[in-house]
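Participant: In our numbering, each residue carries its 1-based index in the sequence shown increased by 792.
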Amino acid sequence: GVHADHIHHANNWIGVAQHAQTNGVTAFYLDSSHITEMQNDIIPDMLGMSAADIEKLPPYIKYYKCENHIESGEPDCHNYKYNGPCKQRKGQASWHPGYKVNALYGNLMAFFLVDSLLEAIDQLEQETAKSSQSIHETLKRLEEKDEKDAWNFRFSTINSLETVGINKNATSFIKQLYQRPLYCHTSILPAQERYLGYLYPEWEGTGKSTKYPVGTSSARAPELGKSNSTSLELVYEEGEIADCPRCVHNDYKDFLYANENMGWRGVTIPNEKEKEAYGKHMKGTNFEKVNIAVCTVLCGWGRCSPGEVNDESYGNGLTLRVNGVEVKEMVSFDKFCSFLKG
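1) Determine the direct distance from the alpha carbon of Phe1125 to that of Phe965, and round the result to whole angstroms.
2) Who pairs with Gly1058 in a beta bridge, going by DSSP?
3) Would you report the Cα separation of Arg946 and Lys879, rounded to the nearest angstrom?
4) Alpha carbons only, please: which of Asn1083, Lys922, Tyr990, Gln884 is nearest the one belonging to Val1119?
5) Within its chain, find whatever has a CB closer than 6 Å to the CB of Glu1066; leave out the 5 residues flanking it on each side and keep chain order.
6) Please return the same chain residues whose Cβ sits closer than 6 Å to the Cβ of Cys1129, not counting the five positions on each side in sequence.
7) Excluding the five sequence neighbours on either side, which residues of its own chain have a C-beta within less than 7 Å of the C-beta of Thr920, listed in chain order?
8) DSSP on Tyr1044, reduced to helix/strand/coil?
9) Note down the Cα distance separating Pro973 from Tyr872, rounded to an integer number of angstroms.
10) Helix, strand or coil for Lys848, going by three-state DSSP, please let me know.
11) So what's Arg1012 in DSSP terms, helix, strand or just coil?
12) Among Trp995, Glu859, Glu1104, Trp805, which residue has its Cα nearest to the Cα of Tyr821?
13) Which full runs of the beta strand (DSSP E) of 3+ residues lie inside the region 894-947, going along the chain?
14) Take Cys869 as the anchor and find which of Ile846, Lys882, Glu1015 has the nearest alpha-carbon.
15) Just the Cα atoms here: how many angstroms apart are Gln813 and Ile834?
16) Please classify Gly890: is it buried, with 16 or more other beta-carbons within 10 angstroms of its beta-carbon, or exposed?
17) How many angstroms separate the CA atom of Leu1138 from the CA atom of Pro1062?
18) Go to Glu1068, then tell me how far its alpha helix (DSSP H) extends in each direction, as first and last residue.
19) How would you call Ile862, buried or exposed, if buried means at least 16 neighbouring beta carbons within 10 angstroms?
20) Of the choices Lys857, Ala1050, Asn1078, whose alpha-carbon is the least far from that of Gln968?
21) From the DSSP secondary-structure annotation, give me the bridge partner or partners of Arg986.
22) With the cut-off set at 9 Å, would you say Glu1025 and Ala1013 are in Cβ contact?
23) Once DSSP output is grouped into helix, strand and coil, what is the label at Lys879?
24) Determine the contact status of Lys1081 and Asn1053, defining contact as a CB-CB distance below 9 Å.
25) Nearest to Gly1109 by alpha carbon, out of Gly1116, Gly1099, Asn1115?
26) Do you know how far the Cα of Glu939 is from the Cα of Gly1058?
27) Are Gly999 and Asp1046 closer than 9 Å when you measure CB to CB?
28) Which value, in whole angstroms, describes the spacing of the CA atoms of Tyr1004 and Pro867?
29) Nearest to Thr828 by alpha carbon, out of Met841, Tyr897, Tyr987?
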């Protein structure tokens, strides 16, 4: 689905949704014109309302619109744009929506999903009533259809949908990427890989999004040197962490790190914890014949710190080995991700 919260976003992505639909994939997007209509014609303006009437409004409507402005203006809409335990936190800007606008989008998407679920249940009841099958027989038939669809997906010919925006030099990898078992060894949050302790087998996972090993701050990372460890270091951006008693943000681009002073560092994929967790999805996989994709750090607004490397740096400051064999080339398939070619 496409969350088109602004018209220019919709114009950029609606073509992708239409292309997906043409190729048989269900696609939907949130039409921002309906949001504009709700804000202009349905949500009341606080200007001219008494304090008593304002207090009677639902929490997400109260102080949503003042003087025909969204989350700004008098009386007091600007003071209610951001709420919660942390009044000052990253991302507060006049062009960013506050929690009431985000709540509106969230509720609309939730209602859409609930409505879709109810519609599916109604269709299931109607089909069951018309057929001679019991509920259990219908369930078995649908499960068999799911299995058949999954098989068809894995073994069908890759069409243009799967290669939208992909570097043509990488298309030879795409079939295996879509049709073979795969998993992600990732350091970013909120990945369950981090919470459950899969990333580093020697670390204990808690399963909680509020308590997990955090690694080394980016400010201290350049000071790291040789040690007994042969693993890549987990590093977080210090400025990203909010000083707040509650979790108000859990989207952190933590990354795996090495520098020229640390000697050779590596990672085992899959490690023992990952084999145990994902084994049923990788049953029969020959780990001597796999495709490995590496994604480098996404630099904020294109501003990369000195020393950061990517596929363009390969052979000139960056060298990789797989099972002791040097990688010949990094074949990019988007701006920050590349397949390793032996």
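We put the CB at the ideal spot given by N, CA and C, even for glycine. Remember, predicted model here, so these are calculated numbers, not experimental data.
Facilitator: In brief:
1) Numbered from its first residue, the sequence shown carries residue 965 at position 173. Numbered from its first residue, the sequence shown carries residue 1125 at position 333. Those two C-alpha atoms are separated by around 9 Å.
2) Along the sequence shown, read from residue 1 onward, the residue named residue 1058 stands at position 266. Ser1023.
3) Counting from 1 along the sequence shown, the entry for residue 946 is found at position 154. Counting from 1 along the sequence shown, the entry for residue 879 is found at position 87. Rounded to whole angstroms, Arg946 to Lys879 spans 49 Å at the Cα level.
4) Reading the sequence shown from its first residue, position 327 is the one you call residue 1119. When each option's Cα is compared against that of Val1119, the closest is Asn1083.
5) Residue 1066 sits at position 274 when you count from the first residue of the sequence shown. Answer for Glu1066: Tyr990, listed in chain order.
6) Locating residue 1129 in the sequence shown gives position 337, counting from the first residue. Hits under 6 Å: Ala1085, Cys1087.
7) On the sequence shown, residue 920 is found 128 positions in, with the first residue counted as 1. The answer, listed in chain order, is Ile927, Thr930.
8) As a first step, residue 1044 is located in the sequence shown; it is residue number 252 there, counting from the start. Strand, per DSSP.
9) By one-based count along the sequence shown, residue 973 stands at place 181. By one-based count along the sequence shown, residue 872 stands at place 80. Spanning the two alpha carbons is a distance of roughly 47 Å.
10) Indexing the sequence shown from 1 puts residue 848 at position 56. DSSP places Lys848 in coil when its eight states are reduced to three.
11) The residue labelled residue 1012 in the question sits at position 220 within the sequence shown. Residue state, collapsed to three classes: coil.
12) What you label residue 821 is simply residue 29 of the sequence shown in a count that begins at 1. Tyr821 has its Cα closest to that of Trp805, out of Trp995, Glu859, Glu1104, Trp805.
13) none
14) Within the sequence shown, numbered from 1, the residue matching residue 869 stands at position 77. For the residues Ile846, Lys882, Glu1015, the minimum Cα distance to Cys869 belongs to Ile846.
15) Position 21 of the sequence shown, counted from the first residue, corresponds to residue 813. Position 42 of the sequence shown, counted from the first residue, corresponds to residue 834. Between Gln813 and Ile834, the C-alpha separation is close to 32 Å.
16) The residue given as residue 890 occupies position 98 in the sequence shown. Label assigned to Gly890: buried.
17) Outside the shown range of the chain, which is 793 to 1134, sits residue 1138, and nothing can be said about it.
18) Position 276 of the sequence shown holds residue 1068. Segment 1064-1070, the alpha helix (DSSP H) holding Glu1068.
19) Start at 1 with the first residue of the sequence shown, and residue 862 comes out as number 70. It is buried - the Cβ of Ile862 has at least 16 other Cβ atoms within 10 Å.
20) For the purposes of this step, residue 968 is identified with residue 176 of the sequence shown, where counting begins at 1. The shortest C-alpha separation from Gln968 is found at Asn1078.
21) Position 194 of the sequence shown holds residue 986. Partner(s): none; Arg986 has no beta bridge.
22) In the sequence shown, the residue the question calls residue 1025 occupies position 233. In the sequence shown, the residue the question calls residue 1013 occupies position 221. For Glu1025 and Ala1013, yes; Cβs fall inside 9 Å.
23) Residue numbering aside, residue 879 sits at position 87 when the sequence shown is read from its first letter. Three-state result, Lys879: coil.
24) The residue labelled residue 1081 in the question sits at position 289 within the sequence shown. The residue labelled residue 1053 in the question sits at position 261 within the sequence shown. No, Cβ-Cβ distance for Lys1081 and Asn1053 is not below 9 Å.
25) If you number the sequence shown from 1, residue 1109 lands on position 317. Per the Cα distances, Gly1099.
26) Stepping through the sequence shown from its first residue, residue 1058 is reached at position 266. Stepping through the sequence shown from its first residue, residue 939 is reached at position 147. Looking at the two C-alpha atoms, the distance is approximately 38 Å.
27) The residue labelled residue 999 in the question sits at position 207 within the sequence shown. The residue labelled residue 1046 in the question sits at position 254 within the sequence shown. No, the Cβ-Cβ distance between Gly999 and Asp1046 is not below 9 Å.
28) By one-based count along the sequence shown, residue 1004 stands at place 212. By one-based count along the sequence shown, residue 867 stands at place 75. Tyr1004 and Pro867: Cα-Cα distance of roughly 43 Å.
29) Along the sequence shown, read from residue 1 onward, the residue named residue 828 stands at position 36. Among Met841, Tyr897, Tyr987, the Cα nearest to that of Thr828 belongs to Tyr897.
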